[in-house]
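Q: In the numbering used here, the protein residues as written are -8 to 1006.
C-beta atoms are modelled at their ideal positions from N, C-alpha and C, and glycine is treated no differently.
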């Protein structure tokens, strides 16, 4: 394969999903996409962002009103013009690395032969069959994608011998080895829980010392014994294991055979292995849709049109055709209701459906180009017919007249839901939190469906981040000239171009307690719903709490590589997002970071903490000391041990402040010596390699890898990488710069005096073996030492202007700033101390930068599913069976939709309550004073028949009949809150959520809160 340079700055997040090899293969592929309606442009957008070699868009048709319902690059001024020509300039701006061309003629074999992958959308059955046959015969990967109203169809044919190089895209399982026994079979014991290893998996070994035969073994099949061990081959005749080693999973390839379209059309009615199911769809439903789509093709060929929206006669004609196909296939389980609904909405053109099917189809293109991930084999049918009005409404209002075209941009949507629903959509008021990848996709869909685009309607979007280059690969509303601008502002302007009627206001606020003065009771009360496009759990939990408090529905979605999930929260119907899960990633114990690292994750976390301490926290503390008279009091308040560390760092920073570049290089050299020689030598002085515990067991065993000091070598690239990065960053915080040329630095290093190390003998008894493992090791400090350090710091009398420092915020994506250079070098040197295999820059950036792998296809599909739930919310569906939460994995072609869970509920005094129930109390009526605590208790008793025995606001006790609170009964509720919390209630706050306890049921774990409106 020819070498193709990969723009890692642009594709950084996608590279963690696909890998370099897959990206290079994609960079060589020429892809043809036929049809530039909403589905076709969605596929094109996603694969252009992904970075295939070239894309040709083909369309012989012209823009119609219904196209504007889902084709985000077409405008009213494009009516009557070729869709491909109109879309070209917009698609070309998505990615300068992708060659883009247009074709407005019909397809022929000579033209098709130029491509490795062909995608057909919006095509006739005859064209599908002829193109598919040519592609199958000429080893061209073929993908058929189609959407009709609320239904979608996808088919793949990648030839008779398609090699899948990585079936799931998951990183290979890796485990550090603690021991290997001699025996048949040999038993490998790992340092950590290796729950990702499974029976039958094959592994290779590297870095094993002693039993070196393992390092040259072919991939070896394993059998799991328990969480920490597995068996391998016969090791009886191998050498004795000494230490170290890594077991790494070998990802196996798989060869798949596809049948051609003409055969698959019939075979799918007999062979379920040709059908990828989405849950809530079963084999009967999927096959009924298959026959329905075939009938649609026949109907269109016969009548030169699709069935009219909501036309019952056309529906019966289509059903009759589907029955004929069903009889021919000897299929007696045709779901007539599904076929009939397909007919009634077949002319629909819906952005959310196109986003979902387009995301899946684009991922199949990428699989075809790269061999990465498991392809769809071979049919997928999806429907969201539950979006139609509830059955009890009997499709109320959905008449042929209501769904007829009106020559508006929403005609494709009106064909499915009618004009009244369209008007309701435009009047919605929604709050979107996040304008990143999912946020951009949601805003695009909002603009296309017309959410908030009418009188009284409005979208508020907030995102505090600015646009970075790495965003451009998946946040498709942004362009290179937008880098540095605010995401929310650029996104708002971009969707106004899609739909000029959009009423949208961008904000740059973080959603948290501090912004409650902006997002007030009045703000939430004016909303119809909330959409969460957030990248962290804490913000989701906070937003969820606000939605529960103000009784607002919430749409939530997230992605991780090829995986996506959606959640719909419906007041008084479903459970909420809920509190943060405790099953997240475990924190690394402090003793592991400081003394016992045994995985590269440990050394990377250690390096990140060194960066924060040296180049961020210490200079911040210096600036605070120079400008804040309360510095000493604030610092001592942290505790004497921590205060000593902070003050000592400030003292040394001011006392040893560098004057020039030579001082910075010298500091870096001494820091190298401290980290990788002296600190390790000191640890080994306290706990020698042959040290045993008080129980007589070896100290350095299992997860405790015995380290060894390093000797500085200027010829070692990693050693000099550390010096260059450390000196540069140290100089940055003091405003000093200099040459990082290795020859220049080596000349400076020749003059640096490195003192001989002498172990601190007092540390041999500082802690016991057990204490070293179980507690945070802190230097014991008494008040006299702290006072002495304060005096030394005061004696420096620094100039507050001249001694000001410039703290650094860690930035992983700018390769010019040496931040990642420091992390990689610092981590790998520490890894060398402990015989841990080093990590390259790519892997180090992923772990230390806490990067979430991301790809545009998953984002598009996830946002499409979220907007399908939006349809239901706006319609006011009242049956939980209508709603769907989803979990998808595009890498493994896994699509799981399930009904949301109903809130579990709870009882108080024999009455059922849910998390949505509040005890609403109007604390102040117009023209009257605010009620007292006593009046609040009386109000709850009269209206809810509950006797309050206690009131709590956060951790503060407002009232308790077990305490001496009689005087508080006569005070205003807000006055008691301020008195108990010792803080004023912000002027914007109109409602207080107060937690009560009741005499009727003192032992209940949950109670409904009192929503006390007092302003």
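Helix or strand or just coil, what does DSSP make of residue 72?
A: Numbered from 1 along the chain shown, position 81 holds the residue referred to as residue 72. In this structure, residue 72 counts as coil in the three-state DSSP scheme.
Q: Okay, do the stretch 914 to 924 and the stretch 576 to 589 touch, 3+ Cβ pairs below 8 angstroms being the bar?
A: The stretch 914 to 924 vs the stretch 576 to 589: no contact.
Q: Do residue 930 and residue 912 have their C-beta atoms within less than 8 angstroms of each other?
A: For the purposes of this step, residue 930 is taken as residue 939 along the chain shown, with counting starting at 1. For the purposes of this step, residue 912 is taken as residue 921 along the chain shown, with counting starting at 1. Result yes, Cβ atoms of residue 930 and residue 912 sit closer than 8 angstroms.
Q: Beta carbon of residue 428, beta carbon of residue 465: below 8 angstroms?
A: Locating residue 428 in the chain shown gives position 437, where the first residue counts as 1. Locating residue 465 in the chain shown gives position 474, where the first residue counts as 1. Yes. Within cutoff.
Q: So who's on the other strand from residue 112, going by DSSP bridges?
A: As a working mapping, residue 112 is identified with position 121 in the chain shown. Beta-bridge pairing links residue 112 to 136.
Q: For residue 819, name the three-state secondary structure that DSSP assigns.
A: On the chain shown, position 828 is the one that residue 819 refers to. Of the three classes helix, strand and coil, the one that applies to residue 819 here is helix, per DSSP.
Q: Going by DSSP in three states, residue 515 sits in which element: helix, strand or coil?
A: The count along the chain shown starts at 1 and reaches residue 515 at position 524. Of the three classes helix, strand and coil, the one that applies to residue 515 here is helix, per DSSP.
Q: Just how far apart, CA to CA, sit residue 898 and residue 989?
A: Taking the chain shown and counting its residues from 1, one reaches residue 898 at position 907. Taking the chain shown and counting its residues from 1, one reaches residue 989 at position 998. About 12 angstroms.
Q: Report the three-state DSSP secondary structure of residue 497 (helix, strand or coil).
A: Residue mapping note: residue 497 aligns to position 506 of the chain shown, counting from 1. Note: residue 497 maps to strand in three-state DSSP.
Q: Below 7 angstroms CB to CB, which residues in the same chain sit around residue 277 once its five sequence neighbours on both sides are set aside?
A: Position 286 of the chain shown, counting from 1, holds the residue named residue 277. Closer than 7 angstroms at the Cβ level, and outside the excluded window around residue 277, lie 266, 268, 372.
Q: Of all the alpha helix (DSSP H) runs that stay within the bounds of the stretch 178 to 233, which reach a length of 4 or more residues?
A: Taking only runs of at least 4 residues, no alpha helix (DSSP H) segment lies wholly in the stretch 178 to 233.
Q: Strictly under 8 angstroms for the Cβ-Cβ distance: is residue 779 near chain D by that measure?
A: No chain D appears in the structure shown, which is made up of a single protein chain.
Q: Report the start-end ranges of each beta strand (DSSP E) in the stretch 531 to 579 that is 3 residues or longer and not cut off at the edges.
A: Here the runs fully enclosed are 545 to 551, 554 to 560.
Q: Should residue 209 be labelled buried (16 or more other beta-carbon atoms within 10 Å of its own) or exposed?
A: What you label residue 209 is simply residue 218 of the chain shown in a count that begins at 1. Exposed.
Q: For residue 403 versus residue 854, is the C-beta distance shorter than 8 angstroms?
A: As a position in the chain shown, residue 403 is number 412, starting the count at 1. As a position in the chain shown, residue 854 is number 863, starting the count at 1. Contact: no.
Q: Identify every residue that forms a DSSP beta bridge with residue 157.
A: Taking the chain shown and counting its residues from 1, the one referred to as residue 157 is at position 166. Bridge partners of residue 157: 363.
Q: Reducing DSSP to helix, strand and coil, say where residue 988 ends up.
A: On the chain shown, residue 988 is found 997 positions in, with the first residue counted as 1. Strand at residue 988.
Q: So who's on the other strand from residue 168, going by DSSP bridges?
A: One-based indexing of the chain shown puts residue 168 at position 177. DSSP output for residue 168 lists 181 as bridge partner(s).
Q: Am I right that residue 8 and residue 160 are in contact with their C-beta atoms under 8 angstroms? What's the rounded C-beta distance?
A: As a working mapping, residue 8 is identified with position 17 in the chain shown. As a working mapping, residue 160 is identified with position 169 in the chain shown. Rounded, the Cβ-Cβ distance is 7 angstroms, consistent with contact.
Q: Rounded to whole angstroms, what is the Cα-Cα separation between residue 667 and residue 819?
A: Numbered from its first residue, the chain shown carries residue 667 at position 676. Numbered from its first residue, the chain shown carries residue 819 at position 828. Using only the alpha carbons, I get a separation of about 11 angstroms.
Q: Taking the alpha carbon of residue 610 as the point to measure from, which residue in 42, 88, 798, 30 has its own alpha carbon closest?
A: For the purposes of this step, residue 610 is taken as residue 619 along the chain shown, with counting starting at 1. Among 42, 88, 798, 30, the Cα nearest to that of residue 610 belongs to 798.
Q: Out of curiosity, what's the CA-to-CA distance linking residue 211 and residue 353?
A: For the purposes of this step, residue 211 is identified with residue 220 of the chain shown, where counting begins at 1. For the purposes of this step, residue 353 is identified with residue 362 of the chain shown, where counting begins at 1. Roughly 36 angstroms between the two C-alpha positions.
Q: When we look at the beta-carbon of residue 166 and count the other beta-carbons within 10 Å, is it buried (16 or more) or exposed?
A: Taking the chain shown and counting its residues from 1, the one referred to as residue 166 is at position 175. So residue 166 counts as buried.
Q: In the DSSP assignment, what residue or residues form a beta bridge with residue 420?
A: Position 429 of the chain shown, counting from 1, holds the residue named residue 420. DSSP output for residue 420 lists 449 as bridge partner(s).
Q: Just checking residue 957 against the ligand NAP - is the residue's beta carbon closer than 7 angstroms to any of the ligand's heavy atoms?
A: You won't find the ligand NAP in this model; it holds no ligand whatsoever.
Q: Could you check the C-alpha separation between residue 0 and residue 317 for me, to the nearest Å?
A: Your numbering for residue 0 matches position 9 in the chain shown. Your numbering for residue 317 matches position 326 in the chain shown. Between residue 0 and residue 317, the C-alpha separation is close to 53 angstroms.
Q: Roughly how many angstroms lie between the CA atoms of residue 204 and residue 812, to the nearest whole one?
A: Locating residue 204 in the chain shown gives position 213, counting from the first residue. Locating residue 812 in the chain shown gives position 821, counting from the first residue. In a straight line, the C-alpha of residue 204 is about 35 angstroms away from that of residue 812.
Q: Cα separation between residue 470 and residue 65?
A: Position 479 of the chain shown, counted from the first residue, corresponds to residue 470. Position 74 of the chain shown, counted from the first residue, corresponds to residue 65. The alpha-carbon atoms of residue 470 and residue 65 are separated by roughly 18 angstroms.
Q: Going by C-alpha distance, which of 808, 554, 381, 977 is nearest residue 885?
A: For the purposes of this step, residue 885 is identified with residue 894 of the chain shown, where counting begins at 1. Selected option, being the one with the closest Cα: 554.
Q: Output needed for residue 535: all residues of its chain with C-beta closer than 6 angstroms, excluding positions within five of it in sequence on either side, in chain order.
A: Numbered from its first residue, the chain shown carries residue 535 at position 544. Closer than 6 angstroms at Cβ, skipping near neighbours: 567, 568.
Q: Output the distance between the C-alpha atoms of residue 983 and residue 1000, rounded to the nearest integer angstrom.
A: Counted from its first residue, the chain shown places residue 983 at position 992. Counted from its first residue, the chain shown places residue 1000 at position 1009. C-alpha separation (whole angstroms): 10 angstroms.
Q: Just verifying my parser: in three-state terms, what is the DSSP assignment at residue 948?
A: Taking the chain shown and counting its residues from 1, one reaches residue 948 at position 957. Strand.
Q: Comparing C-alpha positions only, which one of 34, 957, 850 sits nearest to residue 552?
A: As a first step, residue 552 is located in the chain shown; it is residue number 561 there, counting from the start. The candidate whose alpha carbon is nearest that of residue 552 is 850.
Q: Among 380, 362, 321, 25, which residue has its Cα nearest to the Cα of residue 332?
A: The residue given as residue 332 occupies position 341 in the chain shown. Taking only the C-alpha atoms, the option nearest residue 332 is 380.
Q: To test your reading of the DSSP string, which unbroken alpha helix (DSSP H) runs of 4 or more residues are found completely within the stretch 5 to 78?
A: Qualifying alpha helix (DSSP H) stretches, in chain order: 11 to 18, 29 to 41.
Q: What first and last residue would you give for the beta strand (DSSP E) that runs through residue 879?
A: Within the chain shown, residue 879 is the residue found at index 888, counting from 1. Its beta strand (DSSP E) spans residues 876 to 880.
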